[in-house]
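The structure under discussion appears below in the form of structure tokens.
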Amino acid sequence: MELDEVFQKCLICQNPFCKKGCPINTDIPKIIDLCRKGEYVTAYKILMENNPLASITSRVCPHEFNCYGNCILNRKGTPIPFYKLEQDLTAKYRYEYSYKDKTGRVAIIGSGPAGLFSAIYLANYGLDVTIFEKNSYLGGILTDGIPSSRLPYEFVEEIINTLVKLNVNIIKNTKVDEGKLLELTKTFDYAILACGLSKSRTLDFKESDRIIDAISFLKDYNLARKLGYKEKYKINGKAIVLGLGNVACDAANALRHLDVNTTICYRRSQEEAPCTPMELNECINNGVTINYLLKPDSITENSRGLKVKFEKTILGEPDERGRHTPVGTNEFITLECDYLITALGQLPLENEFINVNTNSNYVVTDDNNLTNIPNLYAVGDITLGASTVVNAISSAKVACNDILSKITKE
Ligand SMILES: Cc1cc2nc3c(=O)[nH]c(=O)nc-3n(C[C@H](O)[C@H](O)[C@H](O)COP(=O)(O)OP(=O)(O)OC[C@H]3O[C@@H](n4cnc5c(N)ncnc54)[C@H](O)[C@@H]3O)c2cc1C
Ligand code: SF4
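According to numbering that gives the first Met the number 0, the sequence shown is numbered sequentially starting from 0.
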């Protein structure tokens with residue numbers, strides 16, 4: 000492997016902000032230093048011991064907000080793109096998992112990044128792990144949400160193969176409900192709830208086949224391409240995407256891939272958009288038109304398509320997150336389209352597990368991610384709210400380490 004010259008410029012800081020900016024605390028200076036000395040295999044091992052899903056996070060993390068965005072060399076405008084080194088290492092080397100001798104049975108509910116991480120991490124210590132997944136496929140949003148253009152499916156497949164190598168029991172097509180969950184907490188030593196958030200926020204307009212939520216569209220699009228499922232939506236012509244988070248960007252890029260004329264409409268300005276600059280640029284490069292300061296007001300449908308009436312907005316006072324609130328101006332424009340794709344955020348579960356304490360329907364946990372049920376942990380989006388892959392993994396690691404510490408003590 001040849002090291003890109005940019006990594007020679009890393010200052011190998013004693014108090015590295017990049018490491019602090021990584022939610023899973025990757026030892027970035029140490030890994031770069033080892034690579035500079037040509038010790039790639041050791042560097043890779045350190046990376047994987049900390050985060051067995053490094054091949055995934057290096058490709059999907061919002062680097063600008065994490066490691067890259069926190070690098071001290073941002074002050075000179077030359078931050079070190081550690082994630083690229085992480086991508087190269089995980090593309091080149093393969094990790095040999097070795098069982099360590101701990102015992103115990105753990106049930107994991109959900110196979111998104113939080114569930115996959117927990118399964119690999121605990122099985123690598125020798126625990127007997129079973130994953131229960133409601134879908135016929137594994138990976139959660141890694142498989143059905145994030146398109147292959149950003150995360151090639153081979154990296155998810157590799158993680159799934161690792162589960163098999165580690166003898167993780169995989170039970171698909173099994174939705175765990177309240178009764179089953181309580182049963183699992185009795186029949187396993189520990190259970191980890193990693194169910195994510197499955198519902199999208201929708202618009203308060205009448206239902207139409209031409210109005211589709213972005214997560215359903217992406218699921219249909221991704222499963223057809225990655226797993227050969229039959230496609231349900233046949234979108235063509237002109238589409239408007241509402242919202243400007245990463246889901247909206249993924250949907251807009253997927254629509255462009257289908258050669259659909261695509262416009263994103265967002266009710267705030269570019270500065271308030273939750274997507275990363277990289278995602279925004281990708282959309283622009285793919286030919287997506289972006290309209291800021293437009294708020295949907297009403298929709299009418301006829302045989303030819305949809306007419307979406309938007310109210311123009313201006314930015315008002317900042318909200319509690321510092322984002323300016325869009326204020327209507329009573330000036331309207333109407334845009335026509337064949338399809339409206341809504342990417343307005345995800346909703347928490349509808350208190351599916353009534354014995355588990357929730358707050359605004361997100362599962363409440365203590366500092367170790369333990370719920371009110373003594374051997375039930377909750378990790379990932381189900382407890383964090385719509386978050387990121389690396390945050391989901393980081394919360395899973397906290398729970399797994401707590402389980403391991405208890406097993407050591409027992
Ligand atoms: C379209 C899209 C793009 C995104 N892009 C990025 C990105 O680029 N970078 C980034 O960091 N984050 C991204 N995110 C956010 C990120 O994917 C999530 O934060 C992360 O996947 C959460 O992981 P999780 O394991 O908690 O949940 P999920 O990935 O949602 O997985 C939950 C799993 O649990 C299963 N499940 C649910 N209920 C049950 C049940 N009752 N019984 C059994 N199984 C159940 C589900 O089927 C699913 O497989 C994106 C999200 C979306 C929707
Ligand atoms: S896991 Fe994400 S945040 Fe951490 S070093 Fe890798 S790319 Fe950066």
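Note that the Cβ used here is the ideal one computed from N, Cα and C, for glycine as well.
Since we're looking at a predicted model, the values are computed, not measured.
Going by beta carbon distance, what residues of the same chain come within less than 7 angstroms of residue i, once the five residues before and after it are set aside?
| i | result |
| --- | --- |
| asparagine 443 | Since the first residue of the chain shown is 0 and the last is 409, residue 443 is not available in this structure. |
| asparagine 367 | Val397, Ala398 and Asp401 |
| alanine 385 | Leu196, Gly344 and Gln345 |
| isoleucine 211 | Tyr232, Tyr338 and Ile340 |
| isoleucine 234 | Leu254, Leu257, Val259 and Tyr338 |
Can you check which of these residues, the options, is closest to residue i by C-alpha distance?
| i | options | result |
| --- | --- | --- |
| asparagine 290 | Ala190, Ile239, Thr364 and Pro317 | Ile239 |
| aspartate 143 | Val163, Gly111 and Ile130 | Gly111 |
| phenylalanine 309 | Gly321, Pro317 and Cys336 | Cys336 |
| alanine 193 | Phe204, Ala106, Asn24 and Leu162 | Ala106 |
| tyrosine 39 | Ile392, Glu85 and Asp219 | Glu85 |
| glutamate 271 | Asn252, Lys311, Asp318 and Leu226 | Asp318 |
| arginine 58 | Val363, Ser394, Pro347 and Ser148 | Ser148 |
| valine 198 | Glu351, Asn356 and Leu10 | Strictly speaking, residue 198 in this sequence is lysine, with valine absent from that position. The shortest C-alpha separation from lysine 198 is found at Glu351. |
| asparagine 50 | Asp32, Ile27 and Pro347 | Ile27 |
| alanine 213 | Lys179, Ala250 and Phe204 | Ala250 |
| arginine 35 | Leu88, Pro61, Lys405 and Thr25 | Leu88 |
| glycine 109 | Gly37, Val246 and Ile140 | Ile140 |
| glycine 304 | Gly236, Cys60 and Asp296 | Gly236 |
| leucine 72 | Cys9, Leu33 and Thr357 | Cys9 |
| isoleucine 439 | Leu292, Ser302, Tyr94 and Glu153 | Any question about residue 439 goes unanswered here, given that the chain covers just 0 to 409. |
| glutamate 330 | Ser359, Arg322, Lys294 and Tyr96 | Lys294 |
| threonine 328 | Arg322, Glu316 and Lys311 | Lys311 |
| cysteine 70 | Phe16, Gly114, Ala113 and Ser215 | Phe16 |
Given a threshold of 16 other Cβ atoms within 10 Å of its Cβ, counted over all protein chains shown, does residue i qualify as buried or as exposed?
| i | result |
| --- | --- |
| isoleucine 353 | exposed |
| phenylalanine 64 | exposed |
| proline 78 | buried |
| glutamine 7 | exposed |
| glycine 286 | exposed |
| glutamine 269 | exposed |
| isoleucine 313 | exposed |
| asparagine 14 | exposed |
| proline 325 | buried |
| glycine 244 | buried |
| lysine 19 | exposed |
| leucine 225 | The question names leucine, yet the displayed sequence has lysine at residue 225. When all chains shown are included, lysine 225 counts as buried. |
| valine 163 | exposed |
| leucine 46 | buried |
| glutamate 177 | exposed |
| glycine 37 | exposed |
| valine 246 | buried |
| glycine 76 | exposed |
Within 8 angstroms (strictly less), CB to CB, does residue i reach chain B?
| i | result |
| --- | --- |
| valine 389 | Chain labels in this structure do not include chain B; a single protein chain is all it has. |
Which same chain residues, not among the five before or five after residue i, have their C-beta less than 6 angstroms away from its C-beta?
| i | result |
| --- | --- |
| tyrosine 120 | Cys399 |
| leucine 254 | Ala238 and Thr261 |
| leucine 369 | Tyr376 |
| isoleucine 169 | Ile130 |
| alanine 190 | Ala106, Leu183, Thr184 and Leu375 |
| cysteine 248 | Cys274, Glu278 and Cys282 |
| glycine 103 | Leu126, Asp188 and Ile406 |
| alanine 122 | Val128, Leu165 and Val167 |
| phenylalanine 116 | Leu52, Ile392 and Ala395 |
| isoleucine 31 | Phe6 and Cys9 |
| alanine 42 | Ile30, Leu33 and Cys34 |
| lysine 306 | Thr299, Thr333 and Glu335 |
| lysine 133 | Lys174 |
For residue i, collect the residues of the same chain with a Cβ closer than 8 angstroms to its Cβ; drop the 5 residues on either side in sequence, then sort them by chain order.
| i | result |
| --- | --- |
| threonine 288 | Thr261, Thr262 and Ile263 |
| proline 276 | Glu63 |
| lysine 229 | Ala223 |
| lysine 218 | Asp143 and Gly144 |
| tyrosine 136 | Thr142, Asp143, Lys171, Leu222 and Leu226 |
| glutamate 316 | His323 and Thr324 |
Taking 7 angstroms as the cut-off, does the CB of residue i come closer than this to any heavy atom belonging to ligand 3?
| i | result |
| --- | --- |
| phenylalanine 6 | Summarising the ligand content, the structure contains ligand 1 and ligand 2 and does not contain ligand 3. |
_Start-end ranges of the alpha helix (DSSP H) lying completely within the region 56-137, minimum 4 residues_ = Counting only runs of 4 or more, we get 66-69, 81-91 and 112-122.
*If you scan the region 253-314 from start to end, which runs of the beta strand (DSSP E) of 3 or more residues do you find wholly inside it?*
The region 253-314 contains, as complete beta strand (DSSP E) runs of 3+ residues, the segments 260-264, 288-290 and 293-301 (chain order).
*asked:* Give the list of continuous alpha helix (DSSP H) stretches no shorter than 4 residues that lie fully inside the region 151-219.
replied: List check, alpha helix (DSSP H) in window: 152-164 and 177-186.
*If you scan the region 24-54 from start to end, which runs of the beta strand (DSSP E) of 3 or more residues do you find wholly inside it?*
For secondary structure counted as the beta strand (DSSP E) over 3 or more consecutive residues, the region 24-54 holds no complete run.
*Contained alpha helix (DSSP H) runs [length at least 4] in the region 313-356, N- to C-terminal order*: The region 313-356 contains no whole alpha helix (DSSP H) run of 4 or more residues.
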